[in-house]
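Residue numbers (full-length UniProt numbering), protein chains in the order written: chain A, 1 to 341; chain B, 1 to 341; chain C, 1 to 341; chain D, 1 to 341. Only one structure is covered here, and it is reproduced in the block below.
Protein chains: 4
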Amino acid sequence: MSNRKADHIRINLAEDVSSSRTNGLEEYQFTHCALPEIDFQHIQTAQECFGRELALPILISSMTGGTDEAARINSDLAEVAQACGLAMGVGSQRVGLRDAKTQDSFRVRKIAPSILLFANIGAVQLNYGYQVDDCRRVVEMIEADALYLHLNPLQEALQPEGDTNFSGLLKKIEAVCRALAVPVFVKEVGWGISGQVAAQLARAGVSGIDVAGAGGTSWSEVEKHRMTDPIRAKVAGAFRGWGISTAASLVQVKESAPDLFLIASGGLRSGMDIAKCIALGALAGGLAGPFLKAIVQSQQTAMKLVEELSLELRVCMFAAGAQDIQSLQNTPLMKIDKGML
Amino acid sequence: MSNRKADHIRINLAEDVSSSRTNGLEEYQFTHCALPEIDFQHIQTAQECFGRELALPILISSMTGGTDEAARINSDLAEVAQACGLAMGVGSQRVGLRDAKTQDSFRVRKIAPSILLFANIGAVQLNYGYQVDDCRRVVEMIEADALYLHLNPLQEALQPEGDTNFSGLLKKIEAVCRALAVPVFVKEVGWGISGQVAAQLARAGVSGIDVAGAGGTSWSEVEKHRMTDPIRAKVAGAFRGWGISTAASLVQVKESAPDLFLIASGGLRSGMDIAKCIALGALAGGLAGPFLKAIVQSQQTAMKLVEELSLELRVCMFAAGAQDIQSLQNTPLMKIDKGML
Amino acid sequence: MSNRKADHIRINLAEDVSSSRTNGLEEYQFTHCALPEIDFQHIQTAQECFGRELALPILISSMTGGTDEAARINSDLAEVAQACGLAMGVGSQRVGLRDAKTQDSFRVRKIAPSILLFANIGAVQLNYGYQVDDCRRVVEMIEADALYLHLNPLQEALQPEGDTNFSGLLKKIEAVCRALAVPVFVKEVGWGISGQVAAQLARAGVSGIDVAGAGGTSWSEVEKHRMTDPIRAKVAGAFRGWGISTAASLVQVKESAPDLFLIASGGLRSGMDIAKCIALGALAGGLAGPFLKAIVQSQQTAMKLVEELSLELRVCMFAAGAQDIQSLQNTPLMKIDKGML
Amino acid sequence: MSNRKADHIRINLAEDVSSSRTNGLEEYQFTHCALPEIDFQHIQTAQECFGRELALPILISSMTGGTDEAARINSDLAEVAQACGLAMGVGSQRVGLRDAKTQDSFRVRKIAPSILLFANIGAVQLNYGYQVDDCRRVVEMIEADALYLHLNPLQEALQPEGDTNFSGLLKKIEAVCRALAVPVFVKEVGWGISGQVAAQLARAGVSGIDVAGAGGTSWSEVEKHRMTDPIRAKVAGAFRGWGISTAASLVQVKESAPDLFLIASGGLRSGMDIAKCIALGALAGGLAGPFLKAIVQSQQTAMKLVEELSLELRVCMFAAGAQDIQSLQNTPLMKIDKGML
Ligand SMILES: Cc1cc2nc3c(=O)[nH]c(=O)nc-3n(C[C@H](O)[C@H](O)[C@@H](O)COP(=O)(O)O)c2cc1C
Ligand SMILES: Cc1cc2nc3c(=O)[nH]c(=O)nc-3n(C[C@H](O)[C@H](O)[C@@H](O)COP(=O)(O)O)c2cc1C
Ligand SMILES: Cc1cc2nc3c(=O)[nH]c(=O)nc-3n(C[C@H](O)[C@H](O)[C@@H](O)COP(=O)(O)O)c2cc1C
Ligand SMILES: Cc1cc2nc3c(=O)[nH]c(=O)nc-3n(C[C@H](O)[C@H](O)[C@@H](O)COP(=O)(O)O)c2cc1C
């Protein structure tokens, strides 16, 4: 298991594991506002979220934990998050439940006392011996403000050792939502949440959804690189273009579950991407792969990434005539149909 | 004639004879289901068809017979079909009617006692001396469960020696349907069945249609490679993009003859292709070229092809949230207009 | 003038003077008919036109005359037309009116006693000293069955020496139509006739229109190669993509002048192109450039071109289920929107 | 500041600073008119504008001033404008307000006594100490017929030293319009004016709008080449495809502010581009980059550019059947949807 986690990091850094489809945001465009009637110096990117102040609508998406390398990555990222006012998630904490010695690798609260922090565990684990109480435990383990339950059926199905029994999960997610004191978010890991699933999750009582759509890191590609069986590897490769793009997923979820908090992730690579996601209804945009690649270089590299994202986001808001995040959420985008795929 | 059959096999193996258009299935996409509520282990691909159990919704399409090489190919394929629970068709049995010595090359029932087996003859032969009774005879010749009458007007028209009198065939097909005890299917050979022709065939009493649409093996290309006359070869080459794509044909036939059994073939190359065809209304997907190329390597190669198709199909069903074939048939696909051609 | 004519032939043979746009016919497709209920041997491509029997719906478009080379080209083409039962047009006969010695270069009636033959003169000449009577004279000069008045405003405007006064022409065309005993057709030379112009021409009393649309020989390109002034050459080059494509023009004209005879030309290069034009309402398809290139090789080359066009046309009719020209005119085409240009 | 102006000229000449999007005019096409009923010699491109005679609907767009090189460029361009009957604008005159010695570099009235001449200043300067009176002063400084207030929020935001306080500008523009005797135009500098901004400007009392849309010179690219900070340069680079294309902007502005005078600029490169802009509602088309590149060669080069634009425009009018500018404004264009971007 910690082997698998190490594999994932290694493959994500060494191989091209990007989806063969785009994040879909190129189909949406801001209309240039020649007369923004704003002072650029007064552009406001901060907002309050679940009692925390987000200086920027940016999330370092759930990635890792469980090994020494992971511990270092998590604490380095947490320092950046604290310094820049970002939200952050840790990787799946299942290993932390099974092996208490690994828990410290997830603990970043001391380093980042004021960030919005997400705990993380696979929803499917609720079918493999873990209980509602374990969900509470992963939150407490890291003093998180909210919990991410991730859904990754395709990733599990492609692994020979995968946990592939997804039956009856909705009821169990409902129980988690009822029992926990913190908000529960459900996320995918790179293939998106459909409108239909979003509606089911809303009825089950989740607080929010992170679409984690297609267009960025492709987990079928990551798993492909771990496979020894050539048939299985070929099948994994066939899913490189699978999934609902991040843009499409945002639109679907917004439409069928308008009252949920919405986070965007999956292939976001620029401040303009983040701005578009917010205009499509998200309160923040998450990046995983780019933060991983930056943080293994240095904290400074990660800080520069944040600086670039931030500047591009603010210029974009200015040229679109939006002074703050709420006004950006109300800025219409133009849809350009160019045929998906 | 047996020369022509040998040519066909040789050309199909040695030349690129693929259509210049796609099978059209790239215009259809499953919506990813992040919460399938299924146990992957319980995915069910089996179904009953005409009293036979199909373990997988896969057909080895009608190809050959009449020569020693063909006999070997047929029996090798039949063993694979039996082992994996596939359906299978043999090539045109006209030569078997004319020359009793060649009949054994079509007989695979002993090797494959429980498969769904299709006899095959060109419908146009009903205008060239063959009768309803000959249709019964080809079925009995191989103890088939059903009969394929193939329609290949374009292929015949391109051959200098072609049987090109297609007048009055519908009436004769009707007579065959009335007379035979087994179900009669009509199929094309790679240019598809239109909605209009499907409606005529439904009224004539056929049980099912195999669209055999454009996008895979192109018989104008195959015939092109047999031609010595350069003008004729150039004209054949002009039809490389002709025909109704497999996807378009499925949609048309489903719409205008909703009560017929529907089989998909023509350029299917993956488990995902098969899954899409089923979601478009087919009960199974047939492949010809890929099985030919595999079987001349070895039975093991063909078995691996089946294993790959099967795994990809099942992963696809899981990630689309469909537990069995019937549920897959009720899974909506998203249409992506990208302009055909 | 005869210099200009010689230039035109030379440039058409030596340079790539094709339009940068397509003839538009790739946006139209026949639906394959798997059950044509036709005997291919009985496919009928002949039809009667203005008292002449056209064995094939093919026209050798108006091209040349006035020089010795042109005389040879015309008589060679006429022999092919007579042998194959094609229609034919000669090039602009203005030089014949001015210089009686050149008239023989247009006279092909002895060589081709039974073909449908079109006389030709530029409509704009009616503003440059030529009269209704001259129109009658060009018809009589070659014992033509019909007259083509060509419209080529863009070509004239690009030439420094061009005849560019197109004012008041419609009235004069009307007078020609009223005065002549033979049918009067109006044609473009490669930029197409719009629906609006077609309606004007219909009211003026023309019998038919040859759209001569964009997609084949581009006369701005031809003229570009004759120019010494670099500015003028650059401007000419800017019009390589100008014009209404042959397909679009056919559709427009059919819609706004449904009672006119319709001939298609402009970039037709295959029997399938001709078949599509007929399905769009034309009674025949004309080719210029390809016949020119063939005939300067040999008559046999031109005959082979006809053989190829004819075979492809007939195979196309068969696979589309059309037994004769009239039935082909009633065969619907599928429109595939791929964005023009 | 004069350093910045010199940088701009240098970068515009040395680097590829074109937008990554097109001017959008390729999505609009004239319908060829085979029967224009016009004498090409009588095509009329002249019109009266604000008491000046424009021989051609062409504007040398606002570019420069303030340095010796700029003075030479302005006077050379003015001579061309006078000779050819074009309109002309000078670059931002802010430096002239601050430093009287630089004013001569903008003064071209003696050289070009009868041209339509536009003064120029950034609207944002009204937030940086400049007043309504300064606007009057820039007009008088060059004896202009009209004033351009340019809006360039994106350019300012990308510059570290940018004037980025755009708040409350609309009210101040309104005051300028009320106070000045000459017509006030608002223009962008290469990202276009939206319909919404156009409506605001119309209510504020401007006389006209120059859309200065995306598709030509990209000022984010120009500024990118001046940057030393790599993050800032990367962010600038991200805006290469930003903005409303010239065609889209024309359509939006015409729709929401139909009574304003409309000038087109941004990526116009040919007489056909200008013709299309006029058919979309503009009274003239402006070019900046191409005139800059020509004039640094020689006046003769710039004259040849005008000659080419003029000939192409007139041929275009003829082949579209439009005898004069007004008739060209009433000529419908066909919209070809090819997906923007
Ligand atoms: C190295 C790596 C590890 C990840 N591990 C997890 C995980 O443990 N739990 C989870 O919910 N998502 C995980 N993800 C998915 C991301 O959280 C996120 O959902 C995904 O969309 C990020 O896309 P991007 O890499 O294209 O920015 C991981 C992503 C990466 C790149
Ligand atoms: C080598 C070969 C021989 C074939 N022979 C026949 C035949 O005898 N009768 C028939 O109905 N179809 C025949 N077909 C067509 C296939 O049965 C099927 O209709 C076609 O669509 C398979 O397409 P694919 O090769 O792209 O999978 C043949 C195909 C191949 C490749
Ligand atoms: C060499 C050559 C000469 C032509 N001369 C004439 C002519 O004199 N009169 C005329 O009406 N059209 C003339 N045309 C135009 C053709 O008749 C026809 O309208 C045009 O559409 C043929 O297109 P294609 O070359 O793409 O087949 C000429 C075409 C060519 C190639
Ligand atoms: C070198 C250069 C300098 C410019 N300076 C100004 C300026 O000072 N004020 C202004 O309003 N626009 C300025 N512009 C923008 C043009 O006036 C015009 O708006 C723009 O659309 C021209 O596009 P084009 O270069 O693609 O033809 C400048 C353009 C260039 C190329």
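For every residue, glycine included, the Cβ atom is placed at its ideal position computed from N, Cα and C. Quick caveat, the model's predicted, so the values are computed rather than measured.
Are the segment 109 to 116 of chain B and the segment 151 to 161 of chain B touching, with three or more C-beta to C-beta distances below 8 Å? no
State whether the segment 51 to 58 of chain D contacts the segment 186 to 202 of chain C, with contact taken as three or more CB pairs (one from each stretch) at a distance under 8 Å. no
Let me see if you follow: with CB-CB separation under 7 Å, is residue 118/C close to chain D or not? no
Can you check whether the CB of residue 231/C is closer than 7 Å to the CB of residue 27/C? no
Which of helix, strand or coil does DSSP assign to residue 134/D? helix
Less than 7 Å separating the beta-carbons of residue 263/C and residue 328/C? no
Step through the CB atoms of chain C and report whether any lies within less than 7 Å of the CB of residue 194/B. yes
Which bits of chain D does residue 147/C rub up against, with CB to CB less than 9 Å? Those within 9 Å of residue 147/C in chain D number zero; the least Cβ separation is about 17 Å.
The segment 127 to 142 of chain B contacting the segment 169 to 178 of chain B, beta-carbon criterion three pairs below 8 Å: yes
Pull up the distance between the alpha-carbon of residue 341/C and that of residue 148/C, whole angstroms please. Below a pLDDT of 50, predicted positions are generally treated as unreliable, and residue 341/C, at 37, falls in that range; the measurement from the model is reported next regardless. If I take the Cα positions, the gap works out to 29 Å.
For residue 140/A, does the count of other Cβ atoms within 10 angstroms reach 16, so buried, or fall short, so exposed? exposed
Cβ neighbour criterion (16 or more within 10 Å) applied to residue 245/A: buried
Among the candidates 252/B, 318/B, 161/B, 49/B, whose CA atom is the shortest distance from the CA of residue 424/B? Residue coverage of chain B in this structure runs from 1 to 341, which leaves residue 424/B outside it and unanswerable.
Relative to chain E, which residues along the segment 268 to 279 of chain B have a C-beta separation below 8 Å, given in chain order? Of the chains in the structure shown, none is chain E; the protein chains are A, B, C and D.
For residue 166/D, report the span of its beta strand (DSSP E) as first-last. From DSSP, residue 166/D is part of no beta strand (DSSP E); its letter is neither H nor E.
Restricting to Cα atoms, I'd like to know which of 3/A, 15/A, 44/A is closest to residue 316/A. 44/A
What residue range is occupied by the uninterrupted beta strand (DSSP E) comprising residue 120/A? 117 to 122
Let's see if you can read the secondary structure: which residues bound the alpha helix (DSSP H) around residue 297/D? 289 to 297
Touch check for the segment 272 to 292 of chain B and the segment 319 to 333 of chain B: three-plus C-beta pairs under 8 Å? yes
Looking at residue 271/B: is its Cβ nearer than 7 Å to the Cβ of residue 307/B? no
Per DSSP, cross-strand counterpart(s) of residue 16/D: DSSP lists no partner for residue 16/D.
Close beta carbons around residue 188/B, own chain, < 6 Å, minus the five adjacent residues each side: 151, 212
To test your reading of the DSSP string, which unbroken beta strand (DSSP E) runs of 3 or more residues are found completely within the segment 199 to 270 of chain C? 208 to 210, 261 to 265
Residue 41/A: contacting residues in chain D (beta-carbon distance under 9 Å): 164, 165
In the segment 276 to 310 of chain B, which residues sit with their C-beta less than 7 Å from some C-beta in chain A, listed in chain order? 304, 307, 308
Do you know whose CA, among 261/C, 296/C, 205/C, 3/C, lies nearest residue 170/C's CA? 205/C
Grouping DSSP H, G and I as helix and E and B as strand, with all else coil, what is residue 109/B? coil
Would you report the Cα separation of residue 18/A and residue 87/A, rounded to the nearest angstrom? 24 Å
So what does DSSP say about residue 180/A, is it helix, strand or coil? coil
Looking at the C-beta of residue 8/B, does it have a partner C-beta in chain A at a distance below 7 Å? no
Answer with yes or no whether the minimum CB distance from residue 34/B to chain A is below 7 Å. yes
May I ask you to list the residues that DSSP assigns as paired with residue 80/B? According to DSSP, which records beta bridges pairwise, residue 80/B is partnered with nothing at all.
Would residue 251/B count as contacting chain A if we go by Cβ distances under 7 Å? no
From this set, 233/A, 319/A, 234/A, 247/A, which residue's C-alpha is nearest residue 190/A's C-alpha? 247/A
Taking 6 Å as the cut-off, is the CB of residue 359/D close to at least one heavy atom of ligand 4? Residue 359/D lies beyond the range of chain D shown here (1 to 341); nothing can be said about it.
Could you check what DSSP says for residue 87/B in three-state terms: helix, strand or coil? strand
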